[in-house]
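Engineer: This is the structure I have questions about; it appears just below.
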Amino acid sequence: MLIPLEGFGKTVLNTVHVTDSLAGLVEATLRSGFRLLRFPAELEARFERDTGPARSRSLLVWMIAGMVIYSGFLLSDLLLMPDAFAIALLMRLGLVGPVALAFLVIIARKPPPFVREGSQVLLSALAAAALPVIAASSTDPLSAVAHHGQVLFVIYITMIQRVRFWYALAGVLIMQLIYLVTLAGADGVFRAQISYLMVFAGVATFAVVAAYNLEHEARLTYLMRLRETLRSSELEHISRQDPLTGLGNRRALDDRFAEQAASCKWGDAQQLALLIVDIDHFKAYNDTLGHQAGDVCLKRVAGVIASELRGGSDTAYRFGGEEFLVVLADTERRQALRIAERMRAAIETAAIPHPAILGNGVVTASFGVAATVFNERSDPADLIAMADAALYAAKRDGRNRVWPRPATAASITKRVPGLAVRAS
686 MLIPLEGFGK TVLNTVHVTD SLAGLVEATL RSGFRLLRFP AELEARFERD
736 TGPARSRSLL VWMIAGMVIY SGFLLSDLLL MPDAFAIALL MRLGLVGPVA
786 LAFLVIIARK PPPFVREGSQ VLLSALAAAA LPVIAASSTD PLSAVAHHGQ
836 VLFVIYITMI QRVRFWYALA GVLIMQLIYL VTLAGADGVF RAQISYLMVF
886 AGVATFAVVA AYNLEHEARL TYLMRLRETL RSSELEHISR QDPLTGLGNR
936 RALDDRFAEQ AASCKWGDAQ QLALLIVDID HFKAYNDTLG HQAGDVCLKR
986 VAGVIASELR GGSDTAYRFG GEEFLVVLAD TERRQALRIA ERMRAAIETA
1036 AIPHPAILGN GVVTASFGVA ATVFNERSDP ADLIAMADAA LYAAKRDGRN
1086 RVWPRPATAA SITKRVPGLA VRAS
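Here's what the structure looks like:
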């Protein structure tokens, strides 16, 4: 499958396998199930590039919401532990608050994923660790229940922020350890503490499973959408591509002229040159060797033409039968003539045997060249007509040549409404 990603020129051969390779990688990843929640390196980088910015924006929103709610629990501190309210203010607003603001600034700059996800784990662990510190500063009997709020941070990072699974798992384990240390240092009935620990561990387990499922689903959705995007892109390219040669078709040519006209609306008129290429004695070639050989010949000539283009701004199309059309952007007549002559010589040098021509006959081509100052009112049909007329002149003059010849081209000028054409 030939799918040039930057027009129909030199990139044709170089990008044949790009879309196929990515599509194959997507299919292989879908089949593998990516149970470790990690794509192959190329696909993982693309996943991060496509989803990272939105991920950072989402974290910013939930970080702000989380800090508002976390600060709101000062009311709970005041009700449960009024004697430790000053410590609560210090821990929630004096320690956790500034760290959260620093992480907000970091996330706003769209950092790498390990910084983005790791910062959320560190922030939540710090916020959770602040609770037993506050409770330990109070002598109120109700302070013993304050540390149970740590379970909220488990839910927060796994289901609200949806921190990537491996980071979430690390965060939950850290919080489980903090909770265990808190219970070990707290006064209370051992049986009750075991019950609290089991409840926390149960919630943590469910939350970790949820985190895994959420990320797996997100990655699966991404792969499915990417697969559909690649398929749509492939169909779009196929609809604009000649299936035999891999060059652009008439639809692609129309789009090229439409883009050229649209670009002129935002700036000055631009130099534009057109080459029409016709393989000499192609009917005789087909009659002698058959249509399959003729198809091979067309593909070889198309490859030579594509190889002589200068880059993404030059585009080549199959115009019909044995004719090709080349659009040269920002190209004046003299330069277009030189490019056409280079292509003509390259086709002849390719030495494709032409048995219908006596002697050591090889396939050759004739070129008609036209150039214009293209603007938004220009009619591409006029430019094509001029190049076509030049092509027939080349045929009448003996074939295997570029027309007009440099010696005569300067004297041939024609203007049509909205199109200043040099015959070019």
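Heads up: the sequence shown begins at 686 in the numbering used here, then just goes up one per residue.
Cβ atoms here follow ideal geometry from the backbone N, Cα and C, with glycine treated the same way.
1) Out of Arg1086, Ser717, Val1087, Glu729, state which residue places its alpha-carbon closest to the alpha-carbon of Tyr907.
2) Does the distance from the C-beta atom of Leu929 to that of Asp972 stay below 8 Å?
3) Output needed for Pro1065: all residues of its chain with C-beta closer than 7 Å, excluding positions within five of it in sequence on either side, in chain order.
4) In chain order, what residues of the same chain have a beta carbon less than 7 Å from the beta carbon of Phe838, not counting five sequence neighbours either side?
5) Could you spell out where the alpha helix (DSSP H) holding Ile631 opens and where it closes?
6) Is the beta carbon of Gln846 closer than 8 Å to that of Trp747?
7) Where does the unbroken beta strand (DSSP E) through Gln956 begin, and where does it stop?
8) Is it right to say Ser823 is buried, meaning 16 or more other beta carbons lie within 10 angstroms of its own, or is it exposed?
9) Can you name the residues that DSSP bridges to Ala1001?
10) Would Thr1016 pass as a contact of Gly933 if the rule is Cβ separation under 8 Å?
11) Kindly indicate the opening and closing residues of the alpha helix (DSSP H) around Ser761.
12) Considering only residues of the same chain and omitting the five flanking positions on each side of Asn1085, which have a CB-CB separation below 8 Å?
13) What is the DSSP secondary structure of Pro725, counted as helix, strand or coil?
14) Could you give the uninterrupted runs of the alpha helix (DSSP H) lying entirely in the region 776-833, keeping only those of 4 residues or more?
15) What's the C-alpha gap between Val830 and Leu911?
16) Can we say the region 769-786 touches the region 717-737, given the rule of at least three CB pairs closer than 8 Å?
17) Given this structure, state the Cα-to-Cα distance separating Leu865 from Tyr841, to the nearest angstrom.
18) Tell me Gly933's beta-bridge partners as DSSP assigns them.
19) Going by CA-CA distance only, name the one from His833, Trp851, Ala889 that's closest to Leu868.
20) According to DSSP, is Ala895 helix, strand or coil?
21) Identify, in the order they occur along the chain, each residue of the same chain with its Cβ nearer than 8 Å to the Cβ of Ala793, setting aside the five sequence neighbours on each side.
Structural biologist: Put simply:
1) Glu729
2) no
3) Phe942
4) Ser809, Ala812, Ala813, Met860
5) Since the first residue shown for the chain is 686 and the last is 1109, residue 631 is missing from the structure and cannot be characterised.
6) yes
7) 955-964
8) buried
9) Val1011
10) no
11) 759-765
12) Asp965, Arg1029, Glu1033, Thr1049, Ala1050, Ser1051
13) coil
14) 782-793, 798-821
15) 48 Å
16) no
17) 19 Å
18) Gln926, Tyr1002
19) His833
20) helix
21) Ser741, Leu745
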